[in-house]
Structures are given as C-alpha cells and as structure tokens.
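Asker:
Protein chains in written order, with the numbering used here: chain A, 552 to 1065; chain B, 108 to 505; chain C, 19 to 69.
Dropping the structure here:
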C-alpha cells in the first residue's frame, strides 16, 4: 500500500526547509501567493528606500541576518492554515512586516554605529526615546513628535521568534562573561547583545523597567552600562490586583513623563494620547471579538499568528490607526467564515495553552494542529492588557495606562499572586469548552515553575488531561523542538491513546531549521 | 581563645526552625511572625506581642517534595523553606510576612497557603509590593503596603499593638540589640580580632531567628564576655575579606572561611549584620512608621533596586566596608539559582576588581554549604592570591 | 489596446518569475545559501566585549 504523504515529507532533512510551498487548494494557494508577493513588496520597498544603510546594518549586526529569513518564518506560522485562518494570519503578519521595516528604518537612520559622527543621525536621536522592550509604548503616543522604540524588540525579541538559533551566540557570550546558565535566556540574550555592543546606538534617553521579571531587572542594569543613555526606571507594580498600588503606578508614569519631557524637549500631548487610547480601545474590542469566535465550535483564528500579533500589537502598535485598520479587515474575514459555519481544519481537541510560549518554537501551535488535531483555542500569552482605557480625564487615562502596563505581556498572569495564573486557567478551561491543557514548563522561569505542583494537583483534582511541555523560551540548545514534540507525542499516544492526524509529523529532524 | 559565652546554646538554637526561645515566647502569648527578606522591616514585626522569626531551614536534607512542587531550578533557600513547612516544621508560625520582591520567595508563601501546610488554625499571611527605587511616592507605597498587608492584619486578627508608641518601643529594643552588634563589629576591625567569623555569624543568625526580648539577655552577656576576652597569642589569619551576597544562613560558610584562615571582617549579605544590625534614629517630627520604612528602603542593599543611585550605593558600601574593616579583598557569594545575585555577582566581581581595584572572588553555592570541598578550595586559592598581592606590595606575611 | 498588451506582458513576466520562486521556495533556499558566509563574516568581526 502506498504510504500517505504527509507535511514532513515536504521538508528537507535537518533544515526543515520546504521543498516547495504548501498546496492549500487552488483558492488558498493563490491567496497565499499574493500575500507572499505583498510581503516581498514590503521587504523590497524597505531595502530600496535606504539600500546602503540597510546593507551596512546587515553586515554590522548578526541579528539582522534573521530578518532575511522572515518569508520562511511566515510560511511556518501559516503551515496548514486554510480559509480565514490563512487570511487572518497573512494579513496580521504582513502588517507586522510593514511596521517593523518602518521602525528598522528609523533605527538605522539614527544609529551612530552606522553613521558615526553624522549630524543628521544626532538630530534624529534627539527625538528617539528608548524603552525596555516589554514596557508597552502607548505612553509614547503622548509625544507625537518623538518615536518611542522598544529597544530590545528588534535585535532580540523578534529574531528569537523568527530564527531559533539567533539567541545562541549571544547567550554563549553572556555565559562566557560569567552569567549563570540557569537564568532565563531572554535576559541572557540581552546581556550578550550588550557585551558584544550589538545594540544599535540610538536615542536621547531611556525608560527602563522591572518588566517582566527578576531576570529582566538585572539584565537592564548590565545593559545600561553599555547603552550609556540618561535613564529612569519606570517601576511597574507587581501586585496589580491590589487597588492600593494604583496610586503609585500613576505617580511612576507621571514621573516618567517629566523625565521624557526634560530629555526630549517636547511637551506631553494629552490630546494625542487620548486619541491613541481610543484607537487602542477599539483594537482591544477587535480582539474580544476574535476571542468570542474562538469560544465557538468553529474557531477561525487560533495559534501562533494570533498570539504573536497580540504581543506585538500590545507592545509596539497600541494606538496605531493602521493596526486598527488591519484588525477591522481581519475581523471581517473571520466574521464571514463563522457566519458561513465553515471550519477548514481538523479539530480533535480544544486545548488551553498556558504559561510562556516557546520563542524558539513559535509555530508549535501549527504542529499541534497539523500533527494531532489539537487546536489552541485559548492561550495565556494572548490575554493581556484587556481593560479599556477611560479617556474622559487625564487622571483616568493615567490610571488606564498604569493598568495597561501592569497587565502587559508576561505580567498579567505571572504577577499579581498565584491565583491570577491558577484560577484564570480553570476559568478559561470552562469558558472555551476545552478538553485538555498544554502547560509550557519553561524551566528557567522561576516565578511560574515555583508553583508547578499546584498546577498538577489542580488539574488532577478537576480530572483535566494536562500535558507538561518542557522548554527554555529561546534556547534551543537546552531543550530542542524535537524534545517538545516528544512530550506531546508521548502524552497523545500513551495517555490519550490516539493516532496522529499526520503521522509524518510525529518524528522528524529539524534541529538546523530557523 | 576560650569558648565564647553561650556559643553552644546559640548553636543549639540554630538547629531548629522554631527554636526553644521562639516556643517559649509563643507559650507566653507571643505572636510568631515569620519573614525572609530585608524588604520586610524586622522591627515592625516586633511591635506589641508580635515577635519576628527570620525563617531558616537548618539541617536540610533531601528536597524531593519541593522539587515536585517547585522544580529543581528554584533557589535552595526557598525550596528548603517549603520542604520544612511541608514536614510540619513551621506549625508554630502565626503569620508569614512576605514581599513580592523575589518571585521565588513569594511563591513559598503562596504554596504554603494553597496547600495548607501550616496546621495552626490562626495562620495568616501578608504579601507586600515594594518599590525598586527610593522616591517620596515609593516610600508612601511601601509604608501603605506594610500597613495594609502586615500591620493591620496583625492588629485585627491577633490583637497586636501597632500604635506609634508600640513601634517606638520596638525600635528601642531593636536599637539595644543593634548597639551590641555595633560594638561587637568594632572588634572585627582589630588586627588580631577577639571574635571569629563563625562566632559572629552565629550571633547574627541567632538574633534574627529568636525573639529579641528573649535573646537580648544572652547577647548582653556575650558582649561582656567579648569585652574582656583575650585574643589568641598568634594572629592566625592570612587574609581579611568582606563577604557580600545573597541569603546566607548556614554558618558553616564562615567555618570554611576560617579553615582557610580567611577572616570575614564584615558581612554584607542577607541574614548578615550589614544592613540589619544598625540603630534606627527616630525624630519626633514625622510619623514613626514613615521613618522606619524610609530607613529600611535607604539601607536596603538588595540588587533588585534598579536606580543608578542604588546601584552605586551598593558598590560604594562594599568599598567603604573594605576600607573601614581593613579588608584586602571581597568575596561575593550567591545562592545557586538566585537571579538577582547571579547577575550582581557577575557584574560586581568585575567592577570591584577593575574599577575599584579591590581583589574580588565571585562564587555560587548551595543552600547548605557543609562539606563543600569546592568552596574550600576556591577560598584557599583566593587567600593565597591575596597573600601574594600583599607580598608584591611589600606588606609581608601576616 | 497597446497599454493593455503591455500590462498583460508585464503581468505574464511577473508571474513567470515569481510563481516558480514562490512555489519552489527559491527565496528561502537562496537565503539559506547566504547563511554560512554571513555567519563567518560575523564571527570574524573584531569585537570589544565588555560591560
């Protein structure tokens, strides 16, 4: 009998590069092709806008090479997608590409590493505010003449998603310097960038913060030595459920505003902030609509592209009209499919995915669905910054901003008390009519792994099938993608007693893939 | 030297999480308040009938249970505390005052709470948020958090007197204890000191682990003893260092230093005397709670403080201690898996060496250091390097 | 008419180039070829490693 061809048969061994792009049926393949053209249009336009500068950046920064692999990354994040899932993913990803390329242009135009001694670059830097990358930049909308850049986002966070190997060299540098190997790879990666002086040299000042965790606090102190900008700490309270800390949170934002006014020479524009907050509120409403659809039996937009977009949206493009435009377009597509009652995917399980996802396996959700029919109907990382901002007064906006920060990526659940991460899990399980939980066990995330046992016991008490997938955020040398898949394979075969949807995806070698 | 008065009594006290003095105070109606961190102002836990117990887990063996509940990459101190609680070793506690300033430590109290590990039916807890820089609004946050989550529950649930008068009385008693430590500390500056590192470490630990009112009489006698103690005829110390770092409640560490003939002239670590055993000066102009909170914020040496002012303060404190206590080097120790001190140790080991010109050794260690051959070897090597440097400077052998 | 012919020709040429590149994943494969020399370049760059 002829062996049925599976998705993995189209992958080159080790590199997992597709031999040819995915056939999704005529219509979806044509759509995918057009979106691929659109992506290349964005990339070519960006490259051609400042060719010399961009080539200089490519040769200067190791992490820049990762951005050449973006088309491949987008393919991986869209693996197996059909219909609204494909359309939603491609639109989201292409919007990200267009925003990221614009920001890279801003960064490289001002980068003193690329333009040493340039008066023009110095001038540009006077209006660039650098912030810790997990500090959402909605506050920056109140400085419309300035550009607020998430400092580590472009050299570190995005590359770690796009290419699993991009952190490795930098983590090695930080360990060679003497930093312990047990710390989370995210701060290690940042430390390595600082050690190698591989951060762009930009900005007139910097807002640092304690986001999201202890390791990030410490790596900030290391980085500041290399960055050398005037800096102020924006202390975001941890016990965010506590009403008593909100006054402090607001004072910290006021203090940050004063600091930024002093260093940029610009006055804070409350009207601009109000406008941005109102856009953000609408972006949030779009997200709520997506979640509503995911609660149905035919969830149209789940998985990697959903949470990747949400993180980026919350951190970098909250209050951006173009982001809202994209959201409205995508929601229209999803609405149409849900109204038609269609669901072009095989769903055997509705899973809640909890805890930090694995950057070095950003499309793990795709594999879960394609291999085992596990649809990620709700993910912890997707749920942050959900409170709408009251824009009626300055104080209420500050309060809303403070809340926006306290419930940011990796804060909304991992801080605030363990009930926030535990109780929320059981609630979401009911709300989304799930039938299993996939718990990421990020081995170097001490805040969450310190309550591993409570998760286990909670799931057992409720009779919920829960599988723990070990991962190390962005260090593939510590736990590989294959090992992560194996955790699921063992669970599905031995506990759930199931056969895969696509047997070719159960075991394959992609250790060298991006 | 003759054995220090009460030293064996102190050693026995340190064998238990809830030692005899703790149990005696409980018997007499005291409210046992456990805590782990300098972010919790110790003196405020000693108001009225409350008394503080800085939590330790002596004689920790296997950590299998905590490994299941908390994973193996969590710092040994927090796992040991959890394990001890699981074994029933903390049932004497009435209240656990914690701070969300270290994500590992705060999970201990959350685990204890959710698993119901303290069989005391009156058990309560409070978790504060704390700033990571010193500002007026930060002080307000700090003081308000302590009031809401620690002082008010102690008052409402246990009838602890948290009035200004009670706080002042607690400060007075605390200051008396600190005065003893300040005087004993001065002895460490001597060329041939009358107190060994191990002894000082024991005194420090026992003062944190026991009710102040009950340990004070013993400490007074120990001080008297030290005032007249004769140092050994021959100065056996080959080098003098300041030890800096994370939580260190195992005095075997100081014993390892002693075995290498390395004198710990100053102890700038958690559970050490700097900070923690300096008198708190109060005025009559401001609310006493604010004064106490400000004192603890300003003297806090935790690497969690992110402002440049605090970063520099930590380095300058180390430098000043080296000068004040006539040390030649610094040992920066870090509990394994401590994120804060992992980074601080790595960076400051380089900074203190290269920018301040002070020989520095950075080490990491398990929670229990007893029998650590590796630690002993590294200390020996460091001591030898300090001796060589001294010889090169023309200082001669000690 | 001429304009339409030109547009059709351009579209045809565009498709003739891009469709094979898309289908056979040639863009990714090209970047993969560049990876090794670029990493070698980064490894050989002089660095001032410090904090």
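For every residue, glycine included, the Cβ atom is placed at its ideal position computed from N, Cα and C.
As the structure is a computational prediction, the values presented were derived from the model and not from experiment.
If you measure between the beta carbons of residue 340 of chain B and residue 369 of chain B, is that distance less than 9 Å?
Answerer: no
Asker: Who are residue 785 of chain A's beta bridge partners in DSSP?
Answerer: Per DSSP, A:760.
Asker: Within its chain, find whatever has a CB closer than 8 Å to the CB of residue 693 of chain A; leave out the 5 residues flanking it on each side and keep chain order.
Answerer: Leaving aside the five residues that flank residue 693 of chain A on each side, the residues in its chain whose CB is nearer than 8 Å to its CB run, in chain order, 808, 819, 820, 821, 823, 824, 827.
Asker: Can you name, in chain order, every residue of its own chain whose Cβ lies under 6 Å from the Cβ of residue 216 of chain B, other than the five neighbours on each side?
Answerer: 203, 205, 232
Asker: Can you confirm whether residue 773 of chain A, when its beta carbon is compared against all beta carbons of chain B, has any partner nearer than 9 Å?
Answerer: yes
Asker: Check residue 900 of chain A in the structure and name its three-state DSSP category.
Answerer: strand
Asker: Hey, quick one: how far does the alpha helix (DSSP H) through residue 834 of chain A stretch, first residue to last?
Answerer: 821 to 845
Asker: Please identify the residue among A:619, A:555, A:560, A:633 whose C-alpha is closest to the C-alpha of residue 583 of chain A.
Answerer: Per the Cα distances, A:633.
Asker: Cα separation between residue 329 of chain B and residue 113 of chain B?
Answerer: Taking the straight line joining both Cα atoms gives about 7 Å.
Asker: Looking at the structure shown, is residue 205 of chain B part of a helix, part of a strand, or coil, going by DSSP?
Answerer: Residue 205 of chain B: strand per DSSP, three-state reduction.
Asker: Are the C-beta of residue 25 of chain C and some C-beta of chain A separated by less than 9 Å?
Answerer: no
Asker: Expressed to the nearest angstrom, what Euclidean distance is found between the alpha-carbon atoms of residue 661 of chain A and residue 1006 of chain A?
Answerer: It is roughly 47 Å from the alpha-carbon of residue 661 of chain A to the alpha-carbon of residue 1006 of chain A.
Asker: Give the C-beta separation of residue 778 of chain A and residue 69 of chain C to the nearest angstrom, bearing in mind that I take them to be a contact with Cβ-Cβ under 8 Å.
Answerer: Rounded, the Cβ-Cβ distance is 11 Å, inconsistent with contact.
Asker: In terms of residue numbering, what span does the alpha helix (DSSP H) encompassing residue 567 of chain A cover?
Answerer: That residue, residue 567 of chain A, is in no alpha helix (DSSP H); it is neither H nor E in DSSP.
Asker: Which residue or residues does DSSP assign as beta-bridge partners of residue 441 of chain B?
Answerer: B:471
Asker: Looking at residue 793 of chain A: is its Cβ nearer than 9 Å to the Cβ of residue 838 of chain A?
Answerer: no
Asker: Name, going along the chain, the residues of the stretch 557 to 578 of chain A whose beta-carbon falls closer than 8 Å to a beta-carbon of chain C.
Answerer: 566, 568, 569, 570, 571, 572
Asker: To be precise: take each residue of the stretch 35 to 56 of chain C, compare its Cβ to all Cβ atoms of chain A, and keep it if any distance is under 8 Å. Which residues remain?
Answerer: Under the 8 Å Cβ criterion, the stretch 35 to 56 of chain C contributes 36, 37, 40, 41, 42, 43, 45, 46, 47, 49, 50, 52, 53, 56.
Asker: To the nearest angstrom, how far is it from the Cα of residue 737 of chain A to the Cα of residue 880 of chain A?
Answerer: 33 Å
Asker: Quick one: what does DSSP say residue 722 of chain A is sitting in, helix, strand or coil?
Answerer: helix
Asker: Consider the Cβ of residue 522 of chain B: report whether some Cβ of chain A lies at a distance smaller than 9 Å.
Answerer: Any answer about residue 522 of chain B is impossible in this case: the structure gives chain B only from 108 up to 505.
Asker: With a threshold of 9 Å between beta carbons, is residue 164 of chain B in contact with chain A?
Answerer: no
Asker: Measure the alpha-carbon distance for residue 230 of chain B versus residue 201 of chain B and round it to whole angstroms.
Answerer: 5 Å
Asker: For a contact defined as C-beta to C-beta under 9 Å, what are the partners of residue 460 of chain B on chain A?
Answerer: Per Cβ cutoff of 9 Å: no residues; residue 460 of chain B is ~12 Å from chain A at best.
Asker: Which word fits residue 270 of chain B, buried or exposed, when buried means at least 16 other C-beta atoms lie within 10 angstroms of its C-beta?
Answerer: exposed
Asker: With a threshold of 9 Å between beta carbons, is residue 921 of chain A in contact with chain B?
Answerer: no
Asker: Which stretch, first to last residue, makes up the alpha helix (DSSP H) that contains residue 595 of chain A?
Answerer: 577 to 600
Asker: Kindly give me the distance between the Cβ atoms of residue 184 of chain B and residue 129 of chain B, rounded to whole angstroms, as I take these residues to be in contact under 8 Å.
Answerer: Their Cβ separation, rounded to whole angstroms, is 19 Å, which puts residue 184 of chain B and residue 129 of chain B out of contact at 8 Å.
Asker: My understanding is that residue 121 of chain B touches residue 162 of chain B, with C-beta atoms under 8 Å, so please give their C-beta distance in whole angstroms.
Answerer: Not confirmed; about 13 Å, so no contact.
Asker: What are the boundary residues of the alpha helix (DSSP H) that includes residue 974 of chain A?
Answerer: 969 to 982
Asker: State yes or no: is the beta carbon of residue 720 of chain A nearer than 9 Å to at least one beta carbon in chain C?
Answerer: yes
Asker: Using a Cβ cut-off of 9 Å (strictly closer), state whether residue 300 of chain B contacts chain A.
Answerer: Residue contact check for residue 300 of chain B against chain A: no CB pair falls below 9 Å.
Asker: Residues of chain B with a CB under 8 Å from the CB of residue 931 of chain A: which are they?
Answerer: By Cβ distance, chain B contributes nothing, its closest Cβ being about 16 Å from residue 931 of chain A, past 8 Å.
Asker: Nearest chain A C-beta to residue 456 of chain B closer than 9 Å, yes or no?
Answerer: yes
Asker: What does DSSP give as the partner residues of residue 905 of chain A in its beta bridges?
Answerer: A:990
Asker: If we require 4 or more residues per run, which alpha helix (DSSP H) segments fall completely within the stretch 359 to 388 of chain B?
Answerer: 359 to 366
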